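If you read the sequence shown in this note's numbering, its first letter stands for residue -19, the second for the next number, and so on. Each remark here refers to the structure printed beneath this line.
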Amino acid sequence: MEVICGLFYSHSVRNKTGNPVNFSDLTRVFETGMNFKFADIYKKRDDVFRRKAAKLTEFLNELIIAIKIESKNRGYR
-19 MEVICGLFYS
-9 HSVRNKTGNP
1 VNFSDLTRVF
11 ETGMNFKFAD
21 IYKKRDDVFR
31 RKAAKLTEFL
41 NELIIAIKIE
51 SKNRGYR
């Protein structure tokens, strides 16, 4: 859900007319692509915001670390 929230609130994903997509459409695309369903997308979204500051973007931080490690393993850093 962190990834979806980040994409939604940064207005990074746009529809065919150039407008930011709505939250439910963006979530539906992720659900379809990943073949799973969120029980309640708005509760999950609110759960992200209720986290302690250190845990607010924990998953995104893990993704950053994974990319940095792979970059180093490939000899780019």
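C-beta: ideal position from N, C-alpha, C; glycine also. Everything numeric in this text was worked out from a predicted model, so none of it was measured.
Next item on the list: Within its chain, find whatever has a CB closer than 6 Å to the CB of residue 21; leave out the 5 residues flanking it on each side and keep chain order.
Entry: Working through the sequence shown from its first residue, we reach residue 21 at position 41. Excluding its 5 nearest sequence neighbours in each direction, residue 21 has C-beta neighbours in its own chain below 6 Å: 7, listed in chain order.
Checklist line | Of the listed residues -6, 18, 50, nearest to residue -18 (C-alpha basis) | finding: On the sequence shown, position 2 is the one that residue -18 refers to. Minimum Cα distance to residue -18 is reached at 18.
Next item on the list: Could you tell me the distance, in whole angstroms, from the CA atom of residue 52 to the CA atom of residue -2?
Entry: Locating residue 52 in the sequence shown gives position 72, counting from the first residue. Locating residue -2 in the sequence shown gives position 18, counting from the first residue. Roughly 36 Å between the two C-alpha positions.
Notebook entry, point to check: What are the partner residues of residue -6, as DSSP defines its beta bridges?
Noted result: Here the question's residue -6 lines up with position 14 in the sequence shown. In the DSSP assignment, the residues bridged to residue -6 are 0.
Notebook entry, point to check: Under a Cβ-count criterion, where at least 16 other Cβ atoms within 10 Å of its own Cβ denotes burial, should residue -12 be classed as buried or exposed?
Noted result: Numbered from its first residue, the sequence shown carries residue -12 at position 8. Looking at its Cβ environment, which holds 16 or more other Cβ atoms inside 10 Å, residue -12 is buried.
Next item on the list: Report the rounded CA-to-CA distance for residue 0 versus residue -10, giving the unit in angstroms.
Entry: Locating residue 0 in the sequence shown gives position 20, where the first residue counts as 1. Locating residue -10 in the sequence shown gives position 10, where the first residue counts as 1. Near 9 Å, if we compare the C-alpha coordinates of residue -10 and residue 0.
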